[in-house]
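So the sequence shown is numbered by UniProt numbering: it starts at 1 and just counts up by one. Ideal Cβ positions, reconstructed from N, Cα and C, are used throughout, including at glycine. Worksheet for the structure shown next.
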Amino acid sequence: MGVITQSDIFKSLISLSGIGKRGIQIAVQLEDQPGSMKQITDAIRSAGGRMVSVLTSYEKVPGGFRNVYIRFFDLDRNKLETLKKNVFKISKMLYIVDHRENKRDIFET
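The structure is reproduced here in C-alpha cells:
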C-alpha cells in the first residue's frame with residue numbers, strides 16, 4: 001500500500017490545470033445556464049485556440065453564476081483583441097494572462 005503525499009497531489013493539480021503549458025488563461029463569470037460556457041469556448045476556437053483545461057467554481061460567486069477558468073494555446077495573436085471583445089459581450093471577464101508575453105490584465109477581482 002502506497003502513501004499519497006502533498007507533493008503527489010500538487011503534481012496532479014498542476015497536470016490537471018495545464019499550468020505546465022504555455023498559452024493564455026482567462027477567467028470569466030458566467031450565468032449558470034446550459035450553453036453559457038459553449039459561447040466562450042466557441043469564441044476561443046474561432047480564434048484558433050486549443051483548450052488545455054477548463055475549471056469551474058461556485059465559490060464566492062453570486063447565486064445563478066459561476067466562475068470559469070480556461071487555459072488555451074495556439075491562438076492567432078492577431079485575434080486576441082477581438083477575442084477579448086467577444087468574451088466581454090457574453091460574460092464578465094475577470095482576468096486574462098498571456099504566459100508567453102508575461103502579460104496580465106485584471107478586470108474584476
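- By the Cβ criterion, the segment 35–46 is in contact with the segment 83–91, since at least three pairs of Cβ atoms, one from each stretch, lie closer than 8 Å.
- Arg66 sits close to Thr56, with the two beta carbons spaced by under 8 Å.
- In the three-state DSSP reduction, Leu75 falls in the coil class, being neither helix nor strand.
- For Thr56, there is no enclosing alpha helix (DSSP H); the enclosing beta strand (DSSP E) has its first and last residue at Arg50 to Ser57.
- In this structure, Ala47 sits away from Leu94, with a CB-CB distance that is not shorter than 8 Å.
- For the options Asn86, Pro62, Ile24 and Gly35, the alpha carbon positioned closest to that of Gly49 is the one of Ile24.
- A residue is called buried once 16 or more other Cβ atoms fall within 10 Å of its Cβ, and Arg104, having fewer, is exposed.
- Around the beta carbon of Phe107, fewer than 16 other beta carbons lie within 10 angstroms, which makes this residue exposed.
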